[in-house]
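S.K.: Under our numbering, the first residue of the sequence shown is numbered 2, with each subsequent residue one higher.
The beta carbon of each residue, even a glycine, is placed where N, CA and C say it ideally should be.
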Amino acid sequence: MLFELHLKMLGKIDLNCDMGEGYTTDALIMPLISSANIACGYHAGGGELMRQTIRLALQHQVSIGAHPSFDDKLGFGRREMHLSSDEIHGIIHDQLNIIRKAAAEEGAVLHHVKPHGALYNMAAKDAMVADAISRAIKAIDDSLILYGLPNSASETSASQHGLGFYREVFSDRTYTDEGMLTPRANTNAMIKTAEQGVAQVLQIILQETLQSTTGQEIPIKADTICIHGDGEHAIEFAQEINRTLHQNKITISAIK
(Lines of atoms letter the chains of each structure in order from A; the text may use other names.)
(Lines give C-alpha, C1' and ligand atoms only; values in the text may rest on other atoms or scores of the structure.)
Protein backbone atom coordinates (compact mmCIF):
# COMPACT_ATOMS: atom_id res chain seq x y z
CA MET A 2 0.00 0.00 0.00
CA LEU A 3 2.83 2.40 0.80
CA PHE A 4 4.43 1.59 -2.56
CA GLU A 5 1.16 2.40 -4.32
CA LEU A 6 0.70 5.72 -2.51
CA HIS A 7 4.28 6.76 -3.29
CA LEU A 8 3.87 5.93 -6.98
CA LYS A 9 0.66 7.95 -7.18
CA MET A 10 2.63 10.95 -6.02
CA LEU A 11 5.33 10.39 -8.65
CA GLY A 12 2.85 10.63 -11.54
CA LYS A 13 4.76 9.51 -14.62
CA ILE A 14 7.94 8.07 -16.05
CA ASP A 15 9.22 7.38 -19.56
CA LEU A 16 9.71 3.79 -20.73
CA ASN A 17 12.07 3.47 -23.70
CA CYS A 18 13.37 0.70 -25.93
CA ASP A 19 16.10 0.42 -28.58
CA MET A 20 14.40 -0.43 -31.87
CA GLY A 21 14.79 -0.69 -35.62
CA GLU A 22 17.75 -3.05 -35.16
CA GLY A 23 16.25 -5.95 -37.07
CA TYR A 24 14.65 -7.87 -34.22
CA THR A 25 11.13 -9.30 -34.44
CA THR A 26 10.18 -8.01 -30.99
CA ASP A 27 9.52 -4.40 -32.08
CA ALA A 28 5.84 -4.82 -33.00
CA LEU A 29 5.02 -6.47 -29.65
CA ILE A 30 7.02 -4.07 -27.49
CA MET A 31 6.03 -0.79 -29.16
CA PRO A 32 2.50 -0.64 -27.61
CA LEU A 33 4.02 -1.03 -24.14
CA ILE A 34 6.50 1.88 -24.18
CA SER A 35 6.52 5.67 -24.56
CA SER A 36 9.84 6.25 -26.37
CA ALA A 37 11.58 4.40 -29.20
CA ASN A 38 15.31 4.81 -29.85
CA ILE A 39 15.61 4.01 -33.55
CA ALA A 40 18.86 2.79 -35.12
CA CYS A 41 20.17 5.10 -37.83
CA GLY A 42 22.05 2.54 -39.93
CA TYR A 43 25.56 2.72 -38.48
CA HIS A 44 25.30 -0.27 -36.14
CA ALA A 45 22.02 -1.73 -37.41
CA GLY A 46 18.86 -0.85 -39.29
CA GLY A 47 18.62 2.13 -41.58
CA GLY A 48 16.71 2.67 -44.80
CA GLU A 49 13.25 1.12 -45.00
CA LEU A 50 13.52 -0.56 -41.59
CA MET A 51 14.04 2.86 -40.01
CA ARG A 52 10.92 4.18 -41.77
CA GLN A 53 8.88 1.12 -40.79
CA THR A 54 9.87 1.62 -37.17
CA ILE A 55 8.97 5.31 -37.32
CA ARG A 56 5.55 4.40 -38.73
CA LEU A 57 5.06 1.81 -35.97
CA ALA A 58 5.93 4.43 -33.34
CA LEU A 59 3.47 6.90 -34.85
CA GLN A 60 0.76 4.22 -34.84
CA HIS A 61 1.18 3.74 -31.09
CA GLN A 62 1.84 7.42 -30.23
CA VAL A 63 5.37 6.66 -29.09
CA SER A 64 7.98 9.42 -29.07
CA ILE A 65 10.66 8.96 -31.71
CA GLY A 66 14.34 9.18 -30.89
CA ALA A 67 17.60 8.75 -32.76
CA HIS A 68 19.90 5.91 -31.69
CA PRO A 69 23.26 6.87 -33.25
CA SER A 70 26.41 4.82 -32.82
CA PHE A 71 29.92 4.23 -34.01
CA ASP A 72 30.11 3.06 -37.64
CA ASP A 73 30.36 -0.58 -36.59
CA LYS A 74 27.82 -3.04 -37.98
CA LEU A 75 30.23 -5.93 -37.52
CA GLY A 76 30.46 -5.28 -33.77
CA PHE A 77 26.86 -4.03 -33.42
CA GLY A 78 28.28 -0.73 -32.17
CA ARG A 79 29.56 -2.33 -28.99
CA ARG A 80 33.28 -1.99 -29.71
CA GLU A 81 35.09 1.10 -28.45
CA MET A 82 36.48 3.33 -31.19
CA HIS A 83 38.85 6.11 -30.30
CA LEU A 84 37.92 8.95 -32.62
CA SER A 85 38.65 12.67 -32.48
CA SER A 86 36.09 15.16 -31.24
CA ASP A 87 35.41 16.28 -34.82
CA GLU A 88 34.95 12.70 -36.00
CA ILE A 89 32.45 11.93 -33.24
CA HIS A 90 30.64 15.19 -33.97
CA GLY A 91 30.51 14.18 -37.63
CA ILE A 92 29.03 10.71 -37.16
CA ILE A 93 26.36 12.03 -34.78
CA HIS A 94 25.54 14.93 -37.10
CA ASP A 95 25.23 12.59 -40.10
CA GLN A 96 23.00 10.06 -38.33
CA LEU A 97 20.70 12.75 -36.95
CA ASN A 98 20.29 14.16 -40.43
CA ILE A 99 19.49 10.68 -41.79
CA ILE A 100 16.75 9.97 -39.26
CA ARG A 101 15.37 13.52 -39.31
CA LYS A 102 14.87 13.23 -43.05
CA ALA A 103 13.20 9.82 -42.68
CA ALA A 104 10.97 11.13 -39.88
CA ALA A 105 9.94 14.17 -41.92
CA GLU A 106 8.99 11.91 -44.83
CA GLU A 107 6.69 10.00 -42.48
CA GLY A 108 5.21 13.15 -40.94
CA ALA A 109 7.06 12.73 -37.65
CA VAL A 110 9.49 14.78 -35.58
CA LEU A 111 12.35 13.70 -33.35
CA HIS A 112 11.95 13.92 -29.59
CA HIS A 113 15.32 12.73 -28.28
CA VAL A 114 18.75 11.25 -28.92
CA LYS A 115 20.16 8.20 -27.16
CA PRO A 116 23.68 7.14 -28.19
CA HIS A 117 24.13 3.40 -28.63
CA GLY A 118 26.46 0.83 -27.15
CA ALA A 119 30.13 1.72 -26.76
CA LEU A 120 29.48 5.34 -27.73
CA TYR A 121 26.94 5.66 -24.90
CA ASN A 122 29.29 4.12 -22.34
CA MET A 123 32.28 6.20 -23.44
CA ALA A 124 30.22 9.40 -23.30
CA ALA A 125 29.25 8.59 -19.72
CA LYS A 126 32.91 8.72 -18.65
CA ASP A 127 34.77 10.83 -21.24
CA ALA A 128 34.06 14.57 -21.29
CA MET A 129 35.45 14.94 -24.82
CA VAL A 130 33.13 12.29 -26.25
CA ALA A 131 30.16 13.69 -24.33
CA ASP A 132 30.91 17.23 -25.51
CA ALA A 133 31.17 16.17 -29.16
CA ILE A 134 27.78 14.45 -28.96
CA SER A 135 26.11 17.42 -27.27
CA ARG A 136 27.58 19.88 -29.77
CA ALA A 137 26.31 17.81 -32.68
CA ILE A 138 22.82 17.61 -31.20
CA LYS A 139 22.75 21.34 -30.53
CA ALA A 140 23.85 22.08 -34.11
CA ILE A 141 20.95 20.03 -35.49
CA ASP A 142 18.16 20.91 -33.05
CA ASP A 143 18.66 22.22 -29.52
CA SER A 144 15.16 21.11 -28.52
CA LEU A 145 16.20 17.45 -28.72
CA ILE A 146 16.58 15.71 -25.36
CA LEU A 147 19.71 13.69 -24.65
CA TYR A 148 19.22 10.35 -22.87
CA GLY A 149 22.15 9.16 -20.74
CA LEU A 150 23.39 7.79 -17.43
CA PRO A 151 22.71 9.92 -14.34
CA ASN A 152 25.65 11.78 -12.79
CA SER A 153 27.73 11.20 -15.90
CA ALA A 154 29.83 13.26 -18.31
CA SER A 155 26.83 13.10 -20.66
CA GLU A 156 24.61 14.85 -18.13
CA THR A 157 27.26 17.49 -17.48
CA SER A 158 27.79 18.23 -21.17
CA ALA A 159 24.05 18.43 -21.85
CA SER A 160 23.75 21.05 -19.11
CA GLN A 161 26.73 22.99 -20.46
CA HIS A 162 25.16 23.14 -23.92
CA GLY A 163 21.65 23.95 -22.72
CA LEU A 164 20.15 20.62 -23.79
CA GLY A 165 17.37 18.79 -22.02
CA PHE A 166 18.57 15.60 -20.35
CA TYR A 167 16.71 12.46 -19.28
CA ARG A 168 18.46 10.40 -16.62
CA GLU A 169 18.23 6.84 -17.88
CA VAL A 170 18.26 3.63 -15.88
CA PHE A 171 18.13 0.06 -17.13
CA SER A 172 15.68 -2.66 -16.22
CA ASP A 173 17.84 -5.45 -17.60
CA ARG A 174 21.40 -4.41 -16.68
CA THR A 175 23.37 -4.49 -13.44
CA TYR A 176 25.48 -1.68 -12.03
CA THR A 177 28.94 -1.23 -10.54
CA ASP A 178 29.62 0.44 -7.18
CA GLU A 179 30.32 3.65 -9.13
CA GLY A 180 26.80 3.66 -10.61
CA MET A 181 28.02 2.67 -14.07
CA LEU A 182 26.70 -0.23 -16.15
CA THR A 183 28.52 -3.50 -15.56
CA PRO A 184 30.53 -4.26 -18.72
CA ARG A 185 28.73 -6.73 -20.98
CA ALA A 186 31.80 -8.97 -20.98
CA ASN A 187 31.13 -9.73 -17.30
CA THR A 188 28.95 -12.76 -16.58
CA ASN A 189 26.79 -10.74 -14.17
CA ALA A 190 26.12 -7.82 -16.57
CA MET A 191 22.55 -8.79 -17.44
CA ILE A 192 19.45 -9.20 -15.29
CA LYS A 193 18.00 -12.54 -16.34
CA THR A 194 14.39 -12.51 -15.14
CA ALA A 195 11.47 -10.11 -15.42
CA GLU A 196 10.92 -10.45 -11.66
CA GLN A 197 14.42 -9.14 -10.96
CA GLY A 198 14.01 -6.40 -13.56
CA VAL A 199 10.74 -5.19 -12.08
CA ALA A 200 12.24 -5.24 -8.58
CA GLN A 201 15.15 -3.06 -9.73
CA VAL A 202 12.81 -0.61 -11.47
CA LEU A 203 10.57 -0.32 -8.40
CA GLN A 204 13.54 0.23 -6.09
CA ILE A 205 14.82 3.01 -8.33
CA ILE A 206 11.42 4.70 -8.55
CA LEU A 207 10.37 4.26 -4.93
CA GLN A 208 13.65 4.58 -3.07
CA GLU A 209 15.85 6.37 -5.62
CA THR A 210 18.52 3.72 -5.04
CA LEU A 211 19.71 0.48 -6.63
CA GLN A 212 21.81 -2.47 -5.54
CA SER A 213 25.21 -2.77 -7.18
CA THR A 214 26.70 -6.15 -8.08
CA THR A 215 28.54 -6.16 -4.73
CA GLY A 216 25.40 -5.31 -2.75
CA GLN A 217 26.14 -1.63 -2.27
CA GLU A 218 23.13 0.72 -2.21
CA ILE A 219 23.72 3.37 -4.87
CA PRO A 220 21.68 6.63 -4.96
CA ILE A 221 20.11 7.21 -8.38
CA LYS A 222 17.27 9.21 -9.92
CA ALA A 223 15.51 8.35 -13.16
CA ASP A 224 13.45 10.09 -15.83
CA THR A 225 13.36 7.13 -18.20
CA ILE A 226 13.69 3.36 -17.96
CA CYS A 227 15.29 1.32 -20.77
CA ILE A 228 14.36 -2.13 -22.02
CA HIS A 229 16.71 -3.63 -24.61
CA GLY A 230 14.74 -4.90 -27.61
CA ASP A 231 17.43 -7.49 -28.34
CA GLY A 232 17.26 -8.99 -24.86
CA GLU A 233 16.41 -12.67 -24.52
CA HIS A 234 13.32 -11.85 -22.46
CA ALA A 235 12.59 -8.39 -23.87
CA ILE A 236 8.87 -8.91 -24.43
CA GLU A 237 8.34 -10.37 -20.97
CA PHE A 238 10.31 -7.51 -19.38
CA ALA A 239 8.25 -4.92 -21.26
CA GLN A 240 4.95 -6.57 -20.36
CA GLU A 241 5.76 -6.96 -16.67
CA ILE A 242 7.17 -3.46 -16.21
CA ASN A 243 4.26 -1.90 -18.10
CA ARG A 244 1.75 -3.91 -16.05
CA THR A 245 3.43 -3.10 -12.73
CA LEU A 246 3.59 0.63 -13.41
CA HIS A 247 -0.06 0.75 -14.48
CA GLN A 248 -1.13 -1.28 -11.44
CA ASN A 249 0.58 1.30 -9.27
CA LYS A 250 -1.14 4.25 -11.02
CA ILE A 251 1.97 5.66 -12.63
CA THR A 252 1.67 7.02 -16.16
CA ILE A 253 4.09 5.85 -18.83
CA SER A 254 4.89 8.99 -20.81
CA ALA A 255 7.83 10.62 -22.55
CA ILE A 256 6.46 14.09 -21.83
CA LYS A 257 7.79 15.61 -18.62
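Counting beta carbon pairs with one atom in the stretch 139-152 and one in the stretch 207-215, are three or more of them shorter than 8 Å?
M.R.: The answer is no - the stretch 139-152 does not touch the stretch 207-215, with fewer than three Cβ pairs under 8 Å.
S.K.: Nearest by alpha-carbon distance to A128: which of Y176, I138 and A159 is it?
M.R.: Taking the first residue of the sequence shown as 1, we reach residue 128 at position 127. Considering only alpha carbons, the answer is A159.
S.K.: Beta carbon of Q240, beta carbon of L33: below 8 Å?
M.R.: The count along the sequence shown starts at 1 and reaches residue 240 at position 239. The count along the sequence shown starts at 1 and reaches residue 33 at position 32. Yes, Cβ-Cβ distance for Q240 and L33 is below 8 Å.
S.K.: Between I219 and I14, which are expected to be in contact by the criterion C-beta below 8 Å, what is the C-beta distance as a whole number of angstroms?
M.R.: Along the sequence shown, one-based indexing puts residue 219 at 218. Along the sequence shown, one-based indexing puts residue 14 at 13. 18 Å between Cβ atoms; not a contact.
S.K.: Taking contact to mean at least 3 C-beta pairs separated by less than 8 Å, is the stretch 65-75 in contact with the stretch 36-55?
M.R.: With a cut-off of 8 Å, the stretch 36-55 and the stretch 65-75 count as touching, because enough Cβ pairs lie within range.
S.K.: Considering only DSSP beta bridges, list what K13 is partnered with.
M.R.: One-based indexing of the sequence shown puts residue 13 at position 12. The partner list for K13 (beta bridge, DSSP) reads T252.
S.K.: Give me, in chain order, the residues of the same chain whose beta-carbon lies closer than 7 Å to that of A258; leave out the 5 immediate sequence neighbours on both sides.
M.R.: As shown, the chain starts at 2 and ends at 257. That puts residue 258 outside it, with no answer to give.
S.K.: Let me know the alpha helix (DSSP H) ranges lying completely inside the stretch 30-97, each 4 residues or longer, listed in chain order.
M.R.: Runs found: 48-60.
S.K.: Given this structure, state the Cα-to-Cα distance separating I55 from L29, to the nearest angstrom.
M.R.: One-based indexing of the sequence shown puts residue 55 at position 54. One-based indexing of the sequence shown puts residue 29 at position 28. Distance between the alpha carbons of I55 and L29: 15 Å.
S.K.: Looking at S135: is its Cβ nearer than 8 Å to the Cβ of H162?
M.R.: Here residue 135 refers to the residue found at position 134 when the sequence shown is read from its first residue. Here residue 162 refers to the residue found at position 161 when the sequence shown is read from its first residue. Contact: yes.
S.K.: Do V114 and G48 come within 8 Å of each other at the CB atom, strictly closer than that value?
M.R.: If you number the sequence shown from 1, residue 48 lands on position 47. If you number the sequence shown from 1, residue 114 lands on position 113. Going by C-beta atoms, G48 is not nearer than 8 Å to V114.
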